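Residue numbers (the numbering used here): 1499 to 1876. Where is the CB? At the ideal position from N, CA and C, for every residue including glycine. If you're wondering where the values come from, they're calculated on a predicted model, not measured in any experiment.
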């Protein structure tokens, strides 16, 4: 096996094998990994070529591919680094049959981003933090931004927490240029022009697809992830919990939502569930009340700001976000007095995702400890 791919960084293969972990790629599948040393192997491969693809993270400009390294033999070891400010993907081609490994790499404990593409939908830039402690035991948290569509600001509130809690945290950015209204983003993009939108184009489905891509890409063992949203993101999360019943979500954390979709089949959607294109029955509403949904409300989130919806339907839920959270929890409790939904008050918190994020993080930490306690042998 040639060593040029390592020696140009001043490293020998012996040193790499001694001090660095080795990761094995799965042929044909996209893998998400921390930057570093990666080993690949296939039967009867005669040669290896590594291509590096990169995209500028801000402008999303696609840069020309380049041949990064070459080697020979039935296995190969390459040092795969993430380029600063660029989404970096390596395509490792092996043998005459050109078997391919695709590896997207990330720096540890650092905010970066990648682009999610899906047929019929706009690209979604997704911010991400990957802990240096990454393993199959790491957990995944999805963070949904608010009206400002500032996913970068939201991920910043989770960066330090991710590092010390062994969690991959992602924040998809649904740009206003692509998802123009609340109907398209925080109400799921389920109905448009009097017609039901194909499920693949729902913002709910896009978020689920991104989460599953990340979970499988990193090979995380936990089948379920947690989802947090603030303001418009909180609206997204509580509706997601109803309209995506098969999603692999453990905790739905909805903070300081401006208004709600109530569990009421007599109130017109989106304030309730009455709509000829919605396939929601009373049984679905009951199942909704059994989800692990947590409503978080700041005790000082009581202002009627210009970006608070003030329609008669919204005002029927309360005059401000604090009261409207209480309205939603009461409605859920009326449907099912033994609901698993919870409501948590955050003392002194106004309409700030930075202040609400730690409260959500505490809920996740508590849930993790409970699961770890159940998993320990007695």
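Separation of residue j from residue i, as counted between CA atoms
i, j, result
"residue 1522", "residue 1648", "Low per-residue confidence applies at residue 1522: pLDDT is 44, beneath 50, and the placement is therefore not dependable enough to give any value."
"residue 1734", "residue 1727", "7 angstroms"
"residue 1772", "residue 1711", "33 angstroms"
"residue 1654", "residue 1859", "13 angstroms"
"residue 1567", "residue 1621", "30 angstroms"
"residue 1635", "residue 1871", "15 angstroms"
"residue 1519", "residue 1857", "Confidence is the limiting factor: at residue 1519 the pLDDT is only 38, short of 50, which leaves the residue's position unreliable and the question unanswerable from this model."
"residue 1704", "residue 1741", "13 angstroms"
"residue 1516", "residue 1868", "Note that residue 1516 scores a pLDDT of 27, beneath 50, so its modelled location is shaky; the value from the coordinates is reported in the next line. Going from the Cα of residue 1516 to the Cα of residue 1868 covers about 37 angstroms."
"residue 1861", "residue 1574", "43 angstroms"
"residue 1844", "residue 1854", "7 angstroms"
"residue 1715", "residue 1708", "10 angstroms"
"residue 1558", "residue 1611", "10 angstroms"
"residue 1815", "residue 1770", "11 angstroms"
"residue 1866", "residue 1626", "20 angstroms"
"residue 1823", "residue 1729", "11 angstroms"
"residue 1629", "residue 1778", "40 angstroms"
"residue 1500", "residue 1601", "Residue placement at residue 1500 is flagged as unreliable, the pLDDT there being 38, under the threshold of 50; a coordinate-derived value is accordingly withheld."
"residue 1680", "residue 1613", "22 angstroms"
"residue 1751", "residue 1572", "48 angstroms"
"residue 1829", "residue 1553", "47 angstroms"
"residue 1805", "residue 1837", "31 angstroms"
"residue 1691", "residue 1809", "21 angstroms"
"residue 1753", "residue 1725", "11 angstroms"
Residue i classed as buried or exposed, judged by whether at least 16 other C-beta atoms fall within 10 angstroms
i, result
"residue 1590", "buried"
"residue 1835", "exposed"
"residue 1637", "buried"
"residue 1864", "exposed"
"residue 1744", "exposed"
"residue 1633", "exposed"
"residue 1586", "buried"
"residue 1775", "exposed"
"residue 1901", "The chain is shown only over 1499 to 1876; residue 1901 falls outside these bounds and no answer can be derived."
"residue 1603", "buried"
"residue 1580", "buried"
"residue 1802", "exposed"
"residue 1686", "buried"
"residue 1697", "exposed"
"residue 1569", "buried"
"residue 1529", "buried"
"residue 1609", "buried"
"residue 1682", "buried"
"residue 1555", "buried"
"residue 1678", "exposed"
"residue 1674", "exposed"
"residue 1662", "exposed"
For residue i, the residue or residues it bridges with in DSSP
i, result
"residue 1598", "1591"
"residue 1848", "According to DSSP, residue 1848 bridges with nothing at all."
"residue 1717", "Answer by DSSP bridge pairing: none, since residue 1717 is not bridged."
"residue 1723", "1747"
"residue 1551", "1587"
"residue 1604", "1532"
"residue 1669", "1625"
"residue 1612", "1624"
Reference residue i; option with closest CA among the options
i, options, result
"residue 1583", "1707, 1561 and 1782", "1561"
"residue 1839", "1612, 1666 and 1791", "1791"
"residue 1618", "1830, 1701 and 1846", "1701"
"residue 1667", "1784, 1692, 1723 and 1767", "1723"
"residue 1737", "1716, 1747, 1746 and 1759", "1759"
"residue 1765", "1811, 1688 and 1559", "1811"
"residue 1798", "1821, 1777 and 1809", "1821"
"residue 1616", "1680, 1532 and 1706", "1706"
"residue 1784", "1614, 1693, 1671 and 1762", "1762"
"residue 1689", "1627, 1855, 1767 and 1846", "1767"
"residue 1652", "1698, 1661, 1640 and 1709", "1640"
"residue 1720", "1746, 1708, 1697 and 1739", "1746"
"residue 1787", "1841, 1656 and 1692", "1841"
"residue 1669", "1642, 1677, 1536 and 1598", "1642"
"residue 1547", "1576, 1694 and 1751", "1576"
"residue 1672", "1599, 1750 and 1684", "1684"
"residue 1535", "1646, 1588 and 1662", "1588"
"residue 1880", "1674, 1556 and 1578", "Nothing about residue 1880 can be read from this structure; the chain reaches only from 1499 to 1876."
"residue 1676", "1694, 1661, 1692 and 1699", "1699"
"residue 1782", "1809, 1748, 1749 and 1833", "1833"
"residue 1852", "1650, 1817 and 1692", "1650"
Below-9 angstroms beta-carbon distance, residue i vs any chain D residue
i, result
"residue 1767", "The chain inventory of the structure shown lacks chain D, comprising one protein chain alone."
Integer Cβ distance of residue i from residue j, believed to fall under 8 angstroms
i, j, result
"residue 1545", "residue 1593", "7 angstroms"
"residue 1718", "residue 1606", "No, residue 1718 and residue 1606 are not in contact; Cβ-Cβ is about 16 angstroms, not under 8 angstroms."
"residue 1527", "residue 1549", "Contact doesn't hold; Cβ gap of about 17 angstroms is too wide."
"residue 1757", "residue 1807", "5 angstroms"
"residue 1644", "residue 1731", "5 angstroms"
"residue 1755", "residue 1819", "7 angstroms"
"residue 1658", "residue 1631", "Not confirmed; about 14 angstroms, so no contact."
"residue 1789", "residue 1739", "5 angstroms"
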